[in-house]
Structures are given as structure tokens and as C-alpha cells.
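Just so you know, the protein sequences line up as chains A and B, in that order.
My numbering puts the first residue of the first sequence at 1, with every later residue one more than the last.
My numbering puts the first residue of the second sequence at 1, with every later residue one more than the last.
The block underneath contains the structure these notes are about, expressed in C-alpha cells.
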Amino acid sequence: MVPLAAVLASFVIGAVILLMLGADPIEGYRALVDGAFGSPKALSHTAMKAMPLLLVGVGICIAFRASVINIGGEGQMIAGAIVSTVVVLNVGDLPPLVLVPLVFCAGALGGAIWGAIPGVLKAYSGVNEILSTIMLNIVAVQFMNFLLRDPIMDPAQKTSGRIPQTERLSANADLPILPGASRLHIGVLVALAVAVFVYVLLWRTALGYRLRAVGHSAAAARYAGMPVKRTIVAALTLSGAMCGIAGAVLVFGSESHRFVTDGSSVGFTQSAGFNGIVTALFGALHPLWTIPSSFLFGGLLVGAETMQRAVQVPKALMVGLNGLVVVFVVSSERLRRVLRERADRETNRRADHSVDDPATGAGRSTDSSVSGPLGTATP
Amino acid sequence: MSDFFTLASLVFVVGSGIRLATPMLLAGLGEAIGQRSGVLNLGVDGVMLLGAFGAYYTILETGSAVAGILVGVAVGLIMGLAYGVITVTFGAEQGISGIGIYLFGLGVSDLLFQKQVGTPLPIRGFSDWHIPFLSDIPRIGEMFFQHSVLVYMTFLLVPVVAFLINRTTFGLDLRAVGENPAAADSLGVSVARVRYSAIMIANLLAGLAGAVLAIELGIFQQNLTNGQGFIAIALVYFGAWRPTGVMAGALLFGLVSSTVLQWRTLGIVSGAASSLMAMAPALLTIVALVVISRTVGQPSALTRPFDRGK
Numbered sequence: 001m002v003p004l005a006a007v008l009a010s011f012v013i014g015a016v017i018l019l020m021l022g023a024d025p026i027e028g029y030r031a032l033v034d035g036a037f038g039s040p041k042a043l044s045h046t047a048m049k050a051m052p053l054l055l056v057g058v059g060i061c062i063a064f065r066a067s068v069i070n071i072g073g074e075g076q077m078i079a080g081a082i083v084s085t086v087v088v089l090n091v092g093d094l095p096p097l098v099l100v101p102l103v104f105c106a107g108a109l110g111g112a113i114w115g116a117i118p119g120v121l122k123a124y125s126g127v128n129e130i131l132s133t134i135m136l137n138i139v140a141v142q143f144m145n146f147l148l149r150d151p152i153m154d155p156a157q158k159t160s161g162r163i164p165q166t167e168r169l170s171a172n173a174d175l176p177i178l179p180g181a182s183r184l185h186i187g188v189l190v191a192l193a194v195a196v197f198v199y200v201l202l203w204r205t206a207l208g209y210r211l212r213a214v215g216h217s218a219a220a221a222r223y224a225g226m227p228v229k230r231t232i233v234a235a236l237t238l239s240g241a242m243c244g245i246a247g248a249v250l251v252f253g254s255e256s257h258r259f260v261t262d263g264s265s266v267g268f269t270q271s272a273g274f275n276g277i278v279t280a281l282f283g284a285l286h287p288l289w290t291i292p293s294s295f296l297f298g299g300l301l302v303g304a305e306t307m308q309r310a311v312q313v314p315k316a317l318m319v320g321l322n323g324l325v326v327v328f329v330v331s332s333e334r335l336r337r338v339l340r341e342r343a344d345r346e347t348n349r350r351a352d353h354s355v356d357d358p359a360t361g362a363g364r365s366t367d368s369s370v371s372g373p374l375g376t377a378t379p
Numbered sequence: 001m002s003d004f005f006t007l008a009s010l011v012f013v014v015g016s017g018i019r020l021a022t023p024m025l026l027a028g029l030g031e032a033i034g035q036r037s038g039v040l041n042l043g044v045d046g047v048m049l050l051g052a053f054g055a056y057y058t059i060l061e062t063g064s065a066v067a068g069i070l071v072g073v074a075v076g077l078i079m080g081l082a083y084g085v086i087t088v089t090f091g092a093e094q095g096i097s098g099i100g101i102y103l104f105g106l107g108v109s110d111l112l113f114q115k116q117v118g119t120p121l122p123i124r125g126f127s128d129w130h131i132p133f134l135s136d137i138p139r140i141g142e143m144f145f146q147h148s149v150l151v152y153m154t155f156l157l158v159p160v161v162a163f164l165i166n167r168t169t170f171g172l173d174l175r176a177v178g179e180n181p182a183a184a185d186s187l188g189v190s191v192a193r194v195r196y197s198a199i200m201i202a203n204l205l206a207g208l209a210g211a212v213l214a215i216e217l218g219i220f221q222q223n224l225t226n227g228q229g230f231i232a233i234a235l236v237y238f239g240a241w242r243p244t245g246v247m248a249g250a251l252l253f254g255l256v257s258s259t260v261l262q263w264r265t266l267g268i269v270s271g272a273a274s275s276l277m278a279m280a281p282a283l284l285t286i287v288a289l290v291v292i293s294r295t296v297g298q299p300s301a302l303t304r305p306f307d308r309g310k
């Protein structure tokens, strides 16, 4: 209920913005819905747009459930795209049956590495993962720019156009188009399978139990003998892997079948690393609810383009409204209650720490190293 | 490489490094004040973008750079009020709500730019003010005393903010609220009022930073800040929550950027290699974070909403 109210509230504000810009909100929103869900073609576009959102979203579910705030989706997507692209540039001759699964695995590997770094830094050095993931986003963007401007640049571009992009990647790695579809490719099935996988992981495996236990209370998990630090690393690694798959899908499911940069991360990811957070929050951090959520937000992003044509209001409006959805969801009463309960637990934990170590008071160092920001955050 | 180590080139690098550091420093000083009160604002980049567009559009329409600055400040104050309501009144999770603010700023600034302006037209800001006598000192004057008034103002803010945090009653309340809000509350300090004030100042400076960025560059475009707001947040950690530390970090980032630009201009490094070098400040920040997390404690109540009932 809360997320729905958040979306409605955002759209009311969106309507005010539309009115202020001299556009008819009803006409605009009709075009939006029509462009997103009104025809088979629209639905196919929406599914395409939903794919990276779903993959990043379920990754965010893993991290946030473990009370680890992963802001690094953008960088992890880029890392996944880089590793999968490099793999295909080297072994592009493999038959599609081998190469396509390899693309997904390579993407997951790249994202996992880029997620594991902040995980290790948080667990073993007490580095706040919000900060480290933001920094790693910057590193990934610049590394992508470097690679696409020289080492893996299209040889034709090196002599002529100088567009920072790869050559047309091996056709064997093209994500197969689904039967009867024009653009919709196998990535959508993979994304759905990944969402189910993450659900099973979180609620049907020992690791998932540990992830949620650490997210609930790192202190309790530690008393229960769980390897808290390793679990934090696992949370960010797995979260990154999902984002990495999204990055690979963006390259090999694109129409140009190239990896292209405009120098910024937004240019490659279309902010999916951030919008995936919106998607996951709207899906109540549940991997299966994130499926319809991603479809909704994918639809809004696609429909925004139709709206742009219908009432001449740039589609950037939707990015802004997504931001409002986040703000409304996290400000909502229900979350406040949950967070307050966490705060209680944290207070108890802090009390324990001060008993353990009166000299440093609040047990500062342990705090930042083991509790997640939802934990540190609220405590 | 020998082209780079000429006096003229080095003077130029230092001068432009200082200019590049200015918006990050402004936003970083604001973020430091906010974090000292226990509030993390991840939305700096979004507020900067809105402030930048506000200032840009105002100057485009009125031709007055002063009006542009004022609008940037006003945008910051409005966003500060909103963020205060979200994080103090509603006690929302700060890491996530900040991302919401970022997306809002990213989308809305782009929306308004495309709708109201469309093609990027240049604006004229403040002409450089050569400080009498000081600017005449060979080299030194060129590096430090031939900037826009915005640059001087920003660097003057460093001791001002340090004084505010360390030597005033408000600063004492600020630090108390950031370290132990319950204790501050029991002594009659209104945690909410102090945090609201800190957030308003922080966002004011973020809006101003955006305005300064747009004026210095003379243009606006989608995602003009390109993550500078996020760097400003890192600077606060880098500088261990001290204004002088933030300044050191901002100068380091600025100097690395201007060095890279100069090397590219001189053809010392290729475009590709300059991207590789642009990774350096971020990597350095991560190293700094590792060191700092072992030696310096962050404000104890950072990111913790205060609820008096508890």
C-alpha cells in the first residue's frame, strides 16, 4: 500500500509540474500509459526496459536485506559489461550455445568483483560501503572510458570517427530474440529466472538465512556464531553479480551490439543502477514483487518517451518522479516503524559495546565494520 | 613531459586546479556541517544540479550573475527544507532518501533545461577580479589572486565554517547533536532545530556550489556536475569532517583534474590514458577511507534519526 501511495503522490506532483510547463496532465498521462502498456509493441519495449531494472533490483534486494546499502549498481553494471565484452572479443568464435551463457556468467563475474571490493573493505576495514561504492562507480566509469578509447576500441573508429565504442561484437554472442518477437530477447527470461533464484536464495538457503539474520541484527547473528564479515562480503558480491548481468544484457541485447560510452555512466546505464533501487523499494525488497515493480517502472520510462512526443514534456520528468517515489517510500510511516525497531536493537547493542569497551564509548569501530547502514543508519 | 614542467604550465595548472576545486569545496563544506549534526545528505549532486540550472536560467533571462547566485542559494534552501522534513521530521533512512533527492535533481534539472532552454547558450558570469598588489606578484599572483570573486569567497568560507563549528554556541550544539543527540536533548538543545539548521546550511551551500559551477563553466547541460556532488561527500570523509581537511581534499581533486587536462592539451597523454588518470582521485579517496576508518571516528550519531520518545 505504501509504495502505491508513494507512486500516486509522485504522479500528483508530476501533474502539477506538467501544468506549470503548460501541458495537459491528463493527455500526458494517457500518452504515458498508452506508450507503456497500450500495445504489444509497447509491452515489448517495456519488458526490454524492465530487464536491467529487475536484475539490479533483485541485486539491491540481496544487499538491503543484509542491511548493506549498495549504491554501486552503476559501477557494477559497467564492470559486468566490461568483463563480458572482453571475453567475447577474445573468444567470439565459440558457438552461440556456449557463448551466450558465457556472456551472462562473465557479466556476473565482473559485477561480483566490483561488489566484492566494497564488501571486503566494509567487513575487514570498516569502510562505509555507501562511500566506497560511490567511489568505485567513478573508477568504473573512467576505466570504461579508457578501455573504449583505446584497448578495446573499434579499429575503424581509431582511424576515422573516434567514437568511443567497440566494434560490432561477435554475432554468436547476440542474445537470441524470443520466437515471435521483434526485439525482445532471451535476457528477459534470464532476468525472471534470476529473480526466482534470488527469492530461493534469500528464503530457502542457509546463506540467505544468514544474509537476512545479519541484516536484522549483526550482533545477534554474531552471538549465534554466524560469520558476519563473510556474510557482508557475500551480500555485496551477489548484489554486484546481479547488476553485472544487467550490464552484460545492455551490451549484448542492444540494437547496435556494441559497447558504447558517452563518457558518463548515465549514458551507458540510463541510471538503471539507481532506478533499480527505486524498483526494489517499490517491490518491498522482495525479489518476486520486484518483477511487477520493474515492469511498472520500465513502463513509466518507456511511456515517458510517448508522453514527450504527445505533450512536448521531456522524458527526464520520469527520472525526477522516480526520485520522489524513493523519498516518499522511505519517509513513510511503515518504514519508520521498522526502522524504529531497528533503532531499539541498535541501542541495546551500543549499550553492550560500551560495557565491552568503555574507553571508546559507543563501540565506534565495530559499529561501522559490522552493521549495515540500515543498521548503522538507524540505530 | 618537459613542456609540462615549464613555469607557465605549472602556474596554469595550479590556477585552474583552484578554480576546479571551488564547487566541490563549497558543497563539501556544506556536507561537513550537515554530517557534524549527524545527517548524511547523499543528494548533494541533485541539489547542485538544481542550483546550477536555477542560476543558469536566471542569468540567461536577466543577465544578472548576482541574481543567478541568489536563485542558486534559494533553490538550495528549498531543497534543504524538504530534506529536513524527510530526514528529521519523518526520520527517513538517509542513505536511500538522498538517492531519491539525487534522482529528483538529475531528472528535474534536465527536464527544465530541455523544456525552457533546449540548446545550450553560453552565459556570462563574473569577470576575474585581480586583487590589487597581490595579483602583481609574478607567478604567485597569477596562481592565487587572479580568480573570480566566487573563488575567493569560497576559500574564505573555510575559516568561517571552521569557526562556526569549533568556536560558536551553534557549533557546540551541532557537534553535541551529531555525537550524542540524547545527551544534547537532555540539556535542552533542540535536536530537530539544530539538524534543520545544519541541513539548510548544507543544502544552501550545495545549491550555491551548483550555481558557481554553472557560472564558471558558462553553460548548462544534462548532468552538468558529472558526479561532483558525490565527490563532495567523499571529501568530507577524506577531510575527516574538518573544513581544512575538506579544502585539502578539494584542492587535491582539483589539481589532479587540471593536471590531467593540461597533459591532454600538451599531448603528453592520450585521451584514453587521461581517463585512466581520472580514476586516481577516487582510488585515493578509497585509500583515505581505509586509513580514516582506522584512525578517525565519524560523528557517532551520523545517519541516525533522533526520536525523543526513545
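For each residue, glycine too, the CB sits at the ideal point set by N, CA and C.
Contact between A:GLY323 and B:GLY107 is confirmed by a C-beta separation of about 6 Å, below the 8 Å threshold. For B:ASP110, the closest Cβ of chain A is nearer than 7 Å. The closest CA to that of B:ALA272, considering only A:GLY215, A:CYS61, A:PHE146 and A:SER239, is found on A:PHE146. The C-beta of A:GLN142 has 16 or more other C-beta atoms within 10 Å across all chains shown, which makes the residue buried. For B:ASN166, the enclosing alpha helix (DSSP H) starts and ends at 149 to 167. The beta carbon of B:SER148 is closer than 6 Å to those of PHE126 and ASP128 in its chain, skipping five residues each way along the sequence.
Less than 7 Å divides the Cβ of A:GLY28 from the Cβ of A:MET307. Sixteen is the threshold: when 16 or more other Cβ atoms of the shown chains lie within 10 Å of the Cβ of B:VAL44, as they do, the residue is buried.
The way I'd put it, the stretch 299 to 308 of chain B does touch the stretch 178 to 197 of chain B; three or more beta-carbon pairs between them come closer than 8 Å. Spanning the alpha carbons of A:ASN128 and B:PHE133 requires a straight line of approximately 46 Å. Residue state for A:GLN165 is assigned as strand, using DSSP reduced to three classes. For B:ILE231, the secondary structure class from DSSP, reduced to helix, strand or coil, is helix. In terms of Cβ geometry, B:ILE33 and B:ALA248 do not form a close pair [threshold 7 Å].
Straight-line measurement puts the Cα of A:SER44 at about 13 Å from the Cα of A:PRO179. Between B:LEU29 and B:PRO243, the gap from beta carbon to beta carbon is short of 7 Å. B:ILE99 is a Cβ neighbour of B:LEU42, given a cutoff of 7 Å. Taken atom to atom, the span from the alpha-carbon of A:MET153 to that of A:VAL266 is near 20 Å. For A:VAL139, the enclosing alpha helix (DSSP H) has its first and last residue at 129 to 149. In this structure, DSSP gives B:TRP129 an extended state, which the three-state scheme calls strand.
The beta carbon of B:SER274 is closer than 6 Å to those of VAL260 and ARG264 in its chain, skipping five residues each way along the sequence. A distance below 6 Å between beta-carbons, with the five flanking residues on each side excluded, links A:SER293 to the following residues of its chain, in chain order: THR279, PHE282 and GLY283. When the five nearest sequence neighbours on each side are left out, the beta carbons in the same chain lying within less than 8 Å of the beta carbon of A:GLY92 are those of LEU99, LEU169, SER170, ASN172 and ALA173, in order along the chain. Across the stretch 129 to 143 of chain A, CB contacts with chain B closer than 7 Å involve ILE130, LEU131, SER132, ILE134, MET135, ILE138, VAL139, GLN142 and PHE143, in sequence order along the chain.
Residues of chain B whose Cβ lies closer than 7 Å to the Cβ of A:LEU317 are, in chain order, GLY107 and LEU111.
With respect to A:MET77, A:ALA246 sits close: the two C-beta atoms are nearer than 7 Å. Across the structure, B:VAL212 and B:ILE59 are spaced so that their CA atoms are roughly 12 Å apart. Under the Cβ distance rule, A:SER170 does not count among the residues neighbouring chain B, no pair being separated by less than 7 Å. Taking CB atoms only, A:GLY126 has a neighbour in chain B less than 7 Å away. If you draw a straight line from the Cα of A:ASN137 to the Cα of B:GLY229, it is about 13 Å long.
For the pair of segments examined, the stretch 186 to 201 of chain B was found not to touch the stretch 1 to 11 of chain B: the number of CB pairs separated by less than 8 Å stays below three. Residues of chain A whose Cβ lies closer than 7 Å to the Cβ of B:THR285 are, in chain order, MET135.
For B:SER97, the enclosing alpha helix (DSSP H) stretches over residues 94 to 112. Taking a cut-off of 8 Å on C-beta distances, the stretch 55 to 73 of chain B does not touch the stretch 89 to 104 of chain B, as fewer than three cross pairs fall below it.
Within chain A, no residue has its CB atom less than 8 Å from the CB of B:GLN228, the nearest being about 10 Å off.
Interface annotation, B:SER97: in contact with chain A, CB-CB separation under 7 Å.
For B:ILE86, at least one C-beta of chain A is nearer than 7 Å to its own C-beta.
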